[in-house]
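Comments concern the structure below.
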Amino acid sequence: MILGTIFLQSANFIDACYIVAFSLFIYGMSGLTGPRTAVRGNKIAAVGMAIAVIATLLTPHVLSGSSTPWLIALGLVIGIAVGVPAARNVHMTAIPQMVALFNGVGGGAVAIIAWIEYRHHFGGTFQLRVEIPSLFAAIVGSVSFWGSNIAFGKLQEILPGRPIKLPGQSLINGALFTICVVSAVVLAAGTHSQALFIIGILFAAALLGNMVVLPIGGADMPVVISLLNAFTGLSAAATGIALNNTALIVAGMIVGASGTILTNLMAKAMNRSVPAIVAGGFGGAIAAPKAAGAEDRGPVRATSAQDVAIQLSYARQVVIAPGYGMAVAQAQHAVRELERALEKKGVTVKFAIHPVAGRMPGHMNVLLAEADVPYDLLREMDEINPEFPRTDVTLVIGANDVTNPAAKNEPGSPIYGMPILNVNESGSVIVLKRSMASGFAGIDNPLFYDPKTAMLFGDAKQSVSDITSEVQSL
Amino acid sequence: MSVMTDIAILVLAAFVGFEVISKVPNTLHTPLMSGTNAIHGIVLLGGLLLMHEAHGILEHGLLVIAIAFGTINIIGGFVVTDRMLGMFKRKPDLPEASAEKEIEP
Numbered sequence: 003m004i005l006g007t008i009f010l011q012s013a014n015f016i017d018a019c020y021i022v023a024f025s026l027f028i029y030g031m032s033g034l035t036g037p038r039t040a041v042r043g044n045k046i047a048a049v050g051m052a053i054a055v056i057a058t059l060l061t062p063h064v065l066s067g068s069s070t071p072w073l074i075a076l077g078l079v080i081g082i083a084v085g086v087p088a089a090r091n092v093h094m095t096a097i098p099q100m101v102a103l104f105n106g107v108g109g110g111a112v113a114i115i116a117w118i119e120y121r122h123h124f125g126g127t128f129q130l131r132v133e134i135p136s137l138f139a140a141i142v143g144s145v146s147f148w149g150s151n152i153a154f155g156k157l158q159e160i161l162p163g164r165p166i167k168l169p170g171q172s173l174i175n176g177a178l179f180t181i182c183v184v185s186a187v188v189l190a191a192g193t194h195s196q197a198l199f200i201i202g203i204l205f206a207a208a209l210l211g212n213m214v215v216l217p218i219g220g221a222d223m224p225v226v227i228s229l230l231n232a233f234t235g236l237s238a239a240a241t242g243i244a245l246n247n248t249a250l251i252v253a254g255m256i257v258g259a260s261g262t263i264l265t266n267l268m269a270k271a272m273n274r275s276v277p278a279i280v281a282g283g284f285g286g287a288i289a290a291p292k293a294a295g296a297e298d299r300g301p302v303r304a305t306s307a308q309d310v311a312i313q314l315s316y317a318r319q320v321v322i323a324p325g326y327g328m329a330v331a332q333a334q335h336a337v338r339e340l341e342r343a344l345e346k347k348g349v350t351v352k353f354a355i356h357p358v359a360g361r362m363p364g365h366m367n368v369l370l371a372e373a374d375v376p377y378d379l380l381r382e383m384d385e386i387n388p389e390f391p392r393t394d395v396t397l398v399i400g401a402n403d404v405t406n407p408a409a410k411n412e413p414g415s416p417i418y419g420m421p422i423l424n425v426n427e428s429g430s431v432i433v434l435k436r437s438m439a440s441g442f443a444g445i446d447n448p449l450f451y452d453p454k455t456a457m458l459f460g461d462a463k464q465s466v467s468d469i470t471s472e473v474q475s476l
Numbered sequence: 645m646s647v648m649t650d651i652a653i654l655v656l657a658a659f660v661g662f663e664v665i666s667k668v669p670n671t672l673h674t675p676l677m678s679g680t681n682a683i684h685g686i687v688l689l690g691g692l693l694l695m696h697e698a699h700g701i702l703e704h705g706l707l708v709i710a711i712a713f714g715t716i717n718i719i720g721g722f723v724v725t726d727r728m729l730g731m732f733k734r735k736p737d738l739p740e741a742s743a744e745k746e747i748e749p
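Chains as they are written, first to last, in our numbering: chain U, 3 to 476; chain V, 645 to 749.
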């Protein structure tokens, strides 16, 4: 028994556990490269996490002291009690804000740990190898916590989604950043009022997190969340250096690296640059399209569910281009029914998924998967675009900006240059829409005025169900 | 371990991160973001390691919060990712090889 304890608590055993843990993270994440291995990959990563936690609890002294085990248990229980129901009950449409929230608490944990680490060394000898990463973690963790909370608020529509800008915003941000860095340097150089400075840093970083995210428009929010995700990873890696913990360094850095790539991919898909997003606002662009929309684009043709049903039933190939509007109307299941009904009639149905359909890359895939749409019917933009000329009818459901031909042929448009689904190249287009209001980016869509386009107004779910029953009765 | 060893590990981990992620198809970006998000909850270990050194109610309280935050991050992240991934299904009535080709980038 005693021998067993000695073995389990030996530094080598614990390091070995950490190595197993991060190997499982890497192996698990590489499983995420394909839908078939992804579920297993995620579970493998979770097992790695469990091993890392258990190994840490076995480390000598970690559970020493009468109250320590209870306090640790308390924290774990609270975390499980809050985390599990939140993750189980969240609607798939609300995934982006949920991720923001989970990211935020991670950043908060980093900031608190850095703060405690600092308090322990007040007055004592503090080595730079602990000091520099802790200060980095304190600043970045705090920015990430507050920034993520603002992002959550915006996506949840607790805060207005439009950019909120103060005069001299970039000056204020610059000043706050300077305060953080200068305080950090003062601390690292050694000062007598450490407590004051570390709280000053956390506070300035908190303000900075708020100020950086508030001016960013709702459409750019997923990119910001991804960026903050990468930040939290980096700050976790910094904490790992301060605590000399391999598992933290590896896991944090992998997240930092992958988050950076993902952020770039998302920004690219939206034809935006990360610096431009962080500098703030689609806001300035809203005035321009109003003027463009004022010019007469000709009449809009409205149609009925019955006409649409006939058109779809006699088509060879139908492409469905879904957008976030479909998810908001909870029309996924109705769309799945329609797809089945059409397949029974021998019509080929494919789904065209724009990289930023939904609210973040891949979000639409999740929403359709929730409605049991098989993922082999989903086509990515580059794959489906050459198929539009061969498509008889394209059904646009709750999507707007991602189908807007202005992105291709109107250099004045704010979305000019954004890659789009070339739905206007198909035989005819049917747009399901609540009204003639413009999309998330606030831009008029010439597609609606195209002679090939017919509009079916109304609630997307109702419209799709109507079309389905018409198709079935034909 | 020396600082240099730690930094070496850091740099290598960065390359692993770049390498693993650049291969993920667009379809899985949302689960990926949520999965990696769960992994940085590993900062929980920091809270566990520091608890026995803590003094006073402020530090204990803060560390309980940090551990709770880290746990929410980990558990919530993995559970939500699992839910999402569990929804990805292939066409049930068409199990032939035709579905194989478009998955790989």
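For glycine and all other residues, C-beta sits at the position ideal for the given N, C-alpha and C.
Checklist entry - So U/Arg381 is in the beta strand (DSSP E); what residue range does that whole segment cover? => result Leu380 to Glu382
Checklist entry - Between the segment 74 to 93 of chain U and chain V, which residues of the former have a C-beta closer than 7 Å to a C-beta of the latter? => result Correct list: Ile74, Leu76, Gly77, Leu78, Ile80, Gly81, Ile82, Val84, Gly85, Val86, Ala88, Ala89, Arg90 and Val92.
Checklist entry - Counting along the chain, where does the beta strand (DSSP E) carrying U/Gln319 start and finish? => result Gln319 to Pro324
Item to check | C-beta contact flag for V/Asp650 and U/Ile251 at 9 Å | outcome: yes
Checklist entry - Can you list the residues of chain V that U/Phe27 reaches, using a CB-CB cut of under 7 Å? => result Around U/Phe27, the beta-carbon contacts reaching into chain V at under 7 Å are Ile683.
Next on the checklist: Between which residues of its own chain and U/Leu204 is the CB-CB distance below 7 Å, once the five residues before and five after are set aside?
Outcome noted: Ala113, Trp117, Ala140 and Ser144
Item to check | Beta-carbon gap between U/Phe211 and U/Ser136 smaller than 9 Å | outcome: The identity of residue 211 of chain U in the sequence shown is Gly, whereas the question assumes Phe. Not a contact, by the Cβ cut-off of 9 Å.
Item to check | Whole-angstrom distance between U/Val187 and U/Val132, CA atom to CA atom | outcome: Those two C-alpha atoms are separated by around 14 Å.
Next on the checklist: For a test of the three-state rule: what should DSSP assign to U/Leu34, helix, strand or coil?
Outcome noted: Coil, per DSSP.
Checklist entry - Quick one, which of U/Ser467, U/Asp374, U/His122 and U/Asp403 has its alpha-carbon nearest V/Lys698's? => result First, the residue type needs correcting, since residue 698 of chain V is Ala and not Lys in the sequence shown. Closest option to V/Ala698, judged by alpha-carbon separation, among U/Ser467, U/Asp374, U/His122 and U/Asp403: U/His122.
Checklist entry - U/Lys463 by DSSP, collapsed to three states: which one? => result Three-state DSSP puts U/Lys463 in a helix.
Checklist entry - Does the Cβ-Cβ distance between U/Met51 and V/Phe722 come in under 9 Å? => result yes
Item to check | Simplified DSSP assignment, three categories, for U/Ser415 | outcome: coil
Item to check | Where U/Glu297 sits in the DSSP three-state scheme | outcome: Because U/Glu297 carries a pLDDT of 46, less than 50, the predicted location of this residue cannot be relied on, and the following value inherits that uncertainty. The answer is coil: DSSP assigns U/Glu297 none of H, G, I, E or B.
Item to check | C-alpha gap between U/Leu369 and U/Val225, whole angstroms | outcome: 19 Å
Next on the checklist: Closest to U/Ala102 by C-alpha separation, out of U/Ala57, U/Trp72, U/Lys156 and U/Leu76, would be which residue?
Outcome noted: U/Lys156
Next on the checklist: My assumption, with CB atoms under 8 Å, is that U/Thr396 sits in contact with U/Arg303. Please give the rounded CB distance.
Outcome noted: Not really, about 15 Å apart at Cβ, beyond 8 Å.
Item to check | Closer than 9 Å to chain V by CB, U/Trp117 | outcome: yes
Item to check | Residue interval of the beta strand (DSSP E) (run including U/Ala354) | outcome: Per DSSP, the continuous beta strand (DSSP E) segment holding U/Ala354 begins and ends at Thr350 to Ile355.
Checklist entry - In chain U, which residues lie with their C-beta within 8 Å of the C-beta of V/Met728? => result Met94, Ile97, Val368 and Ala371
Checklist entry - Considering only residues of the same chain and omitting the five flanking positions on each side of U/Arg338, which have a CB-CB separation below 7 Å? => result Sequence-distant Cβ neighbours of U/Arg338 in its own chain, meaning closer than 7 Å and more than five residues away, are Ala373, Asp374 and Val375.
Checklist entry - Which two residues bound the contiguous beta strand (DSSP E) that contains U/Lys435? => result Ser430 to Lys435
Next on the checklist: Looking at chain V, is there any beta carbon in it that lies within less than 9 Å of the beta carbon of U/Arg550?
Outcome noted: Residue 550 of chain U lies beyond the range of chain U shown here (3 to 476); nothing can be said about it.
Checklist entry - Should U/Val226 be flagged as near chain V, meaning a C-beta pair shorter than 9 Å? => result no
Item to check | Cα-Cα separation, U/Ala208 to U/Pro407 | outcome: 41 Å
Next on the checklist: Here's the rule: buried if 16 or more other CB atoms are within 10 angstroms of the residue's CB, otherwise exposed. What is U/Trp148?
Outcome noted: buried
Item to check | Short CB-CB distance (under 9 Å) between U/Thr393 and chain V | outcome: no
Checklist entry - Quick one: which chain V residues come within Cβ less than 8 Å of U/Ile16? => result None at all; the shortest Cβ gap to chain V is about 11 Å.
Next on the checklist: Using a Cβ-Cβ cutoff of less than 7 Å, which residues in the same chain neighbour U/His335 once the five nearest sequence positions on both sides are dropped?
Outcome noted: Ala373
Checklist entry - In or out: U/Ile56 buried (at least 16 other Cβ within 10 Å) or exposed? => result exposed
Checklist entry - Of the choices U/Gln464, U/Glu119 and U/Val330, whose alpha-carbon is the least far from that of U/Ala197? => result U/Glu119
Checklist entry - Can we say the segment 174 to 182 of chain U touches the segment 234 to 242 of chain U, given the rule of at least three CB pairs closer than 8 Å? => result no
Item to check | Nearest-angstrom beta carbon gap, U/Leu458 and U/Lys269 [assumed within contact, 8 Å] | outcome: As written in the sequence, residue 269 of chain U is Ala, which differs from the Lys given in the question. Their Cβ separation, rounded to whole angstroms, is 33 Å, which puts U/Ala269 and U/Leu458 out of contact at 8 Å.
Checklist entry - What do you get for U/Asn91, buried or exposed, if any count of 16 or more other CB atoms within 10 angstroms of its CB means buried? => result exposed
Next on the checklist: Check whether chain V comes within 9 Å of U/Phe390, counting only Cβ atoms and requiring the distance to be less than that.
Outcome noted: Cβ-Cβ to chain V under 9 Å: no for U/Phe390.
Next on the checklist: Determine, for U/Asn424, whether the minimum Cβ-Cβ distance to residues of chain V falls below 9 Å.
Outcome noted: no
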